[in-house]
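To convert, count from 1 in the sequence shown and add 1076; that's our numbering. All C-beta atoms, glycine included, are put in the ideal place defined by N, C-alpha and C. Keep in mind it's a predicted model, so treat the numbers as computed, not measured.
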Amino acid sequence: MEFTEAYKQSGPCCFSPNAQFLAVAVDYRLVIRDVLSLKVVQLFSCLDKISYIEWAQDSEYILCGLYKKPMIQAWSLTQPEWTCKIDDGPAGIAYARWSPDSRHILTTSDFQLRLTVWSLVNTACIHVQWPKHASKGVSFTKDGKFAAICTRRDCKDYVNLLSCHTWEIMGVFAVDTFDLADIEWSPDDSAIVIWDSSLEYKVLIYSPDGRCLSKYQAYESGLGVKSVSWSPCGQFLAVGSYDQMLRVLNHLTWKVFAEFIHLNTVRGPCCAAAFKEVDEPLQLDMSELCLGDDFIQGNSENLSDGHIQVRYDVMELPITLPFQKPPADKPNPKQGIGLMSWSNDSQYICTRNDSMPTVLWIWDMHHLELATILVQKDPIRAAAWDPTCTRLVLCTGSSHLYMWTPSGACCVNVPLPQFTITDLKWNSDGSCLLLKDKELFCCAAIPLLSESSEYSSDD
1077 MEFTEAYKQS
1087 GPCCFSPNAQ
1097 FLAVAVDYRL
1107 VIRDVLSLKV
1117 VQLFSCLDKI
1127 SYIEWAQDSE
1137 YILCGLYKKP
1147 MIQAWSLTQP
1157 EWTCKIDDGP
1167 AGIAYARWSP
1177 DSRHILTTSD
1187 FQLRLTVWSL
1197 VNTACIHVQW
1207 PKHASKGVSF
1217 TKDGKFAAIC
1227 TRRDCKDYVN
1237 LLSCHTWEIM
1247 GVFAVDTFDL
1257 ADIEWSPDDS
1267 AIVIWDSSLE
1277 YKVLIYSPDG
1287 RCLSKYQAYE
1297 SGLGVKSVSW
1307 SPCGQFLAVG
1317 SYDQMLRVLN
1327 HLTWKVFAEF
1337 IHLNTVRGPC
1347 CAAAFKEVDE
1357 PLQLDMSELC
1367 LGDDFIQGNS
1377 ENLSDGHIQV
1387 RYDVMELPIT
1397 LPFQKPPADK
1407 PNPKQGIGLM
1417 SWSNDSQYIC
1427 TRNDSMPTVL
1437 WIWDMHHLEL
1447 ATILVQKDPI
1457 RAAAWDPTCT
1467 RLVLCTGSSH
1477 LYMWTPSGAC
1487 CVNVPLPQFT
1497 ITDLKWNSDG
1507 SCLLLKDKEL
1517 FCCAAIPLLS
1527 ESSEYSSDD
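See below:
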């Protein structure tokens, strides 16, 4: 694995959909770099500090959210002299996103007064009144033809279906929710999943014409749904709940066919492999060496700066996992399935129970069982699957990168001084991995995973 040198960043960073460019925000400047060489190919200056960036699907345009201003600025890579500025006046701008055709920008005003569709072709704009959320509650079909926008009026939630060609409302239907949390089209565009807020457990499946195909409610009392995710193949719908369970529904009957519970004690019989991160300090025998004081002092400082090797130890079951009981007198308890992500082939799904923040669970959907437990020293910040193969990488805010495949797990040290990984993102072709520090970033080139390659805890 090869790492680049560190570069400055001040917030959002993201790869272009065509995997050729990397956009980085540095205060009020938008820096566009080539992915292979990381050379600067374009530099744009915005009117204020950049809070958010998003590429258009064609990778030709990119928008910058200046939410403190508040306004939106858009830029073109092929026409650097072209500029676009969107200011919604007193209504403000709380969030912005691209439409699938890369020629329209959707903005949500402050206090969810309206959602506006701005055209970059003819400067026309269309309004949708009373959107339910600023950054959530909008989903596009995979073919880019339709948009589902959640609205609320008269204390009732609705779904508005719009054509992404004419932006006309094709239909509106009410949904049976108490306080709609979010919406998501299925990967094959045949169904829409809607789930309620955490105060009421309810998952609803609707057809595009507004028919309710299924209603799922695991229990009535207690906090409900925390996370929902379609599998890439579209056959499974994973629902993570506050009761520390992952439930998986099938797309034929919309019934639960698998339930995975996250217990703080894992006992046999179980086929899962358990890996625990442990320190492996550098052992230096300097008893017979005669070195200057400056050399010894300098190396002692390096060791104290955190240059400690780590590795995975294979643990035998039963194993007791570190557990944090959330306080009962505070809102939004840190419990339940807060992180959930499918592998690209839909065979595996990784989860994190927020009351066990240092543990990552990897479940095998083919055998409907726990495949692996990764026990880290620090809370897991982010986990991301390789988009081209069954490989998972995660970070914990340390100077190490952790990697898992069905063959095993390994720890990789990032050879950059004072660099701690707080977030990571894959390029869409799997050729490059973006690693973010608080004020820096670097990229890692990870070799393609062959069928014969194996990771071990000693790598």
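Asked	Found
In this structure, does DSSP put residue 1167 in helix, strand or coil?	helix
Name the two residues that bound the continuous beta strand (DSSP E) containing residue 1486.	1484-1489
Look at the alpha carbon of residue 1445 and the alpha carbon of residue 1193, and state the distance between them as a whole number of angstroms.	45 Å
For the stretch 1462-1472 and the stretch 1419-1429, state whether three or more C-beta atom pairs, one from each stretch, are separated by less than 8 Å.	yes
Can you name, in chain order, every residue of its own chain whose Cβ lies under 8 Å from the Cβ of residue 1086, other than the five neighbours on each side?	1101, 1102, 1103, 1125, 1126, 1515
Which same chain residues end up closer than 6 Å to residue 1434 when comparing Cβ atoms and leaving out the 5 residues on each side of it in sequence?	1398, 1452, 1455
Please report the straight-line C-alpha distance between residue 1379 and residue 1472, rounded to a whole angstrom.	Residue placement at residue 1379 is poorly supported in this model, since its pLDDT is 47, which falls under 50; the coordinates are not used for a value here.
Check residue 1254 in the structure and name its three-state DSSP category.	coil
What residue from 1469, 1288, 1089 has the CA that sits closest to residue 1485's CA?	1469
If you run the structure through DSSP and keep just helix, strand and coil, what is residue 1187?	helix
Classify residue 1414 as helix, strand or coil using the three-state DSSP reduction.	strand
With a threshold of 6 Å on Cβ separation, who are the neighbours of residue 1352 within its own chain once the five nearest residues in sequence on each side are excluded?	1389, 1391, 1451
Can you round the beta-carbon distance between residue 1207 and residue 1229 to whole angstroms, since I take them to be within the 8 Å contact cut?	Not quite, the Cβ-Cβ distance comes to about 11 Å (not below 8 Å), so this is no contact.
Whose C-alpha, out of 1255, 1235, 1254, 1258, is nearest the C-alpha of residue 1247?	1235
Enumerate, from N- to C-terminal direction, the unbroken beta strand (DSSP E) stretches of 3 or more residues contained entirely within the stretch 1290-1356.	1301-1306, 1312-1317, 1321-1326, 1332-1337, 1349-1356
Is there a C-beta anywhere in chain D that falls below 8 Å from the one on residue 1190?	Although the question refers to chain D, the structure presented lacks it and comprises just one protein chain.
Measuring straight from C-alpha to C-alpha, what distance separates residue 1309 and residue 1187?	36 Å
By the DSSP assignment, the beta strand (DSSP E) with residue 1149 in it spans what residues?	1147-1152
Mapping DSSP to helix, strand and coil, what is residue 1420?	coil
Is residue 1425 near residue 1314, with beta carbons less than 8 Å apart?	yes
What residue range is occupied by the uninterrupted beta strand (DSSP E) comprising residue 1471?	1468-1471
Note the first and the last residue of the continuous beta strand (DSSP E) segment covering residue 1512.	1509-1512
Per DSSP, residue 1181 is paired with what?	1174, 1194
Kindly list the residues whose CB is nearer than 6 Å to the CB of residue 1260, restricted to its own chain and excluding five residues on each side of it in sequence; keep chain order.	1215, 1269
Once DSSP output is grouped into helix, strand and coil, what is the label at residue 1391?	strand
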